[in-house]
Every structure is written in structure tokens, then in C-alpha cells.
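Numbering (our numbering), first residue to last: 114 to 238. Even for Gly, the Cβ is constructed at its ideal location relative to N, Cα and C. For clarity, every value in this text was computed on a predicted model and none was experimentally measured. Shown next, in C-alpha cells, is the structure this report addresses.
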Amino acid sequence: WAEWRHVYESLASNDPTRRAFGVQRVQTWRSRGKLPVAVDVTASFVEAMLNDPACSPATKAPRSEHELQLLYGMCFVRLVNGIVDVARSGAGRSMSTVAQELEWPQWFVDLRHEATHQRLPSLHA
Numbered sequence: 114w115a116e117w118r119h120v121y122e123s124l125a126s127n128d129p130t131r132r133a134f135g136v137q138r139v140q141t142w143r144s145r146g147k148l149p150v151a152v153d154v155t156a157s158f159v160e161a162m163l164n165d166p167a168c169s170p171a172t173k174a175p176r177s178e179h180e181l182q183l184l185y186g187m188c189f190v191r192l193v194n195g196i197v198d199v200a201r202s203g204a205g206r207s208m209s210t211v212a213q214e215l216e217w218p219q220w221f222v223d224l225r226h227e228a229t230h231q232r233l234p235s236l237h238a
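Below is the structure:
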């Protein structure tokens, strides 16, 4: 558990170097097999943020707005799908129904749907 704690602390750090270490460690774990969705998606969000000038002004690999929309959109799709699909064990249950049961806001499902089928999410809050 010490390694999990160390990676968690790295991903949650304010130091970009430590966050990059956490992302690299999760990439190593991915190469070894399946990861819990929360760990996998957290690292994906952190990796996107490391390349987002709004989150990491000193980034050496800034991404365009469109590329960031793709990165964040896919992270969000994988988060919702990864959690809701596991809970959707019964056939015929909609994502919205399962999200309500999980007490997730409807906008999670709506944003996932838009990123998957319609348009990419805006980066502006």
C-alpha cells in the first residue's frame, strides 16, 4: 500500500515534477494489466493537466485548445463509462438511471454523451 499512497500523493501534488512521476508510475502499472478505473482516469486527467497551459503555465508541451478538448473529453467519457458500466449489470438500464442510483449529477451523463456523440466540451468554465 505504500506504493499506492506514494503515487496518490504524487498525482495530488502541486509540484509538476511529482505529478509527472505519478503519471509515469501509473503508465507502468497499465503495462502490467488492468487498473481500477479511478486510478487510471485520475492519472489521465493529471497528464492532460500537465500539458494544459491554464493548469501548468510552465508546461514544456502545451496543447492546442482542440487537443485539450479531446483529452479532457476522453478522460470524462472513460470515467463515466468505467464507473457506470460496472454498475449497469442489468440489461436495459440506462446510463441516466444508473447515474441517479449512484447519486451522480445528470450533467456527468450529459457531458459524456455530448463528448461521445455530439460536440466536445468547452474548456471555459
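Less than 7 Å between C-beta atoms, sequence neighbours within five positions excluded: which residues of the same chain meet that for C188?
As a first step, residue 188 is located in the sequence shown; it is residue number 75 there, counting from the start. These residues qualify, in order along the chain: V154, S157, F158, A161.
Here's a check: name, in chain order, each residue in its chain whose Cβ is nearer than 8 Å to the Cβ of L124, leaving out the five neighbours to either side.
Here the question's residue 124 lines up with position 11 in the sequence shown. Once the five neighbours on either side are set aside, the close Cβ partners of L124 are R132, G135, V136, V139, T155, A156, V159.
Is the CB-CB distance between L183 and L233 below 8 Å?
Start at 1 with the first residue of the sequence shown, and residue 183 comes out as number 70. Start at 1 with the first residue of the sequence shown, and residue 233 comes out as number 120. Contact flag set, yes.
So, at 6 Å on beta carbons, what are the nonlocal neighbours of L192 in its own chain, with the 5 sequence-adjacent residues on each side left out?
Here the question's residue 192 lines up with position 79 in the sequence shown. For L192, where only same-chain residues beyond five positions count, the Cβ hits under 6 Å are V154.
Assuming A228 contacts V190 under a Cβ cut-off of 8 Å, what Cβ separation, rounded to an integer in Å, is found between them?
Counting from one through the sequence shown, the residue named residue 228 turns up at place 115. Counting from one through the sequence shown, the residue named residue 190 turns up at place 77. Sure, about 5 Å apart at Cβ, within 8 Å.
Which of the three DSSP states is assigned to T130 in this structure?
By 1-based counting over the sequence shown, the position of residue 130 is 17. Helix, per DSSP.
Pick out whichever of H237, V222, L236 has its Cα sitting closest to the Cα of W230.
Stepping through the sequence shown from its first residue, residue 230 is reached at position 117. Going by the sequence as given, residue 230 is His instead of Trp. With distances taken between Cα atoms, H230 lies closest to V222.
Given a cut-off of 8 Å on the beta-carbon distance, is the pair A171 and P129 in contact?
The residue given as residue 171 occupies position 58 in the sequence shown. The residue given as residue 129 occupies position 16 in the sequence shown. Going by C-beta atoms, A171 is nearer than 8 Å to P129.
Please state the DSSP three-state secondary structure of N164.
The sequence position of residue 164 within the sequence shown is 51, counting from 1. Three-state result, N164: coil.
Excluding the 5 residues flanking R201 on each side, which residues of the same chain have their C-beta closer than 7 Å to its C-beta?
Position 88 of the sequence shown, counted from the start, is the residue given in the question as residue 201. These residues qualify, in order along the chain: V211.
Answer with buried or exposed for R225, where buried requires no fewer than 16 other C-beta atoms within 10 angstroms of its C-beta.
Within the sequence shown, numbered from 1, the residue matching residue 225 stands at position 112. It is buried - the Cβ of R225 has at least 16 other Cβ atoms within 10 Å.
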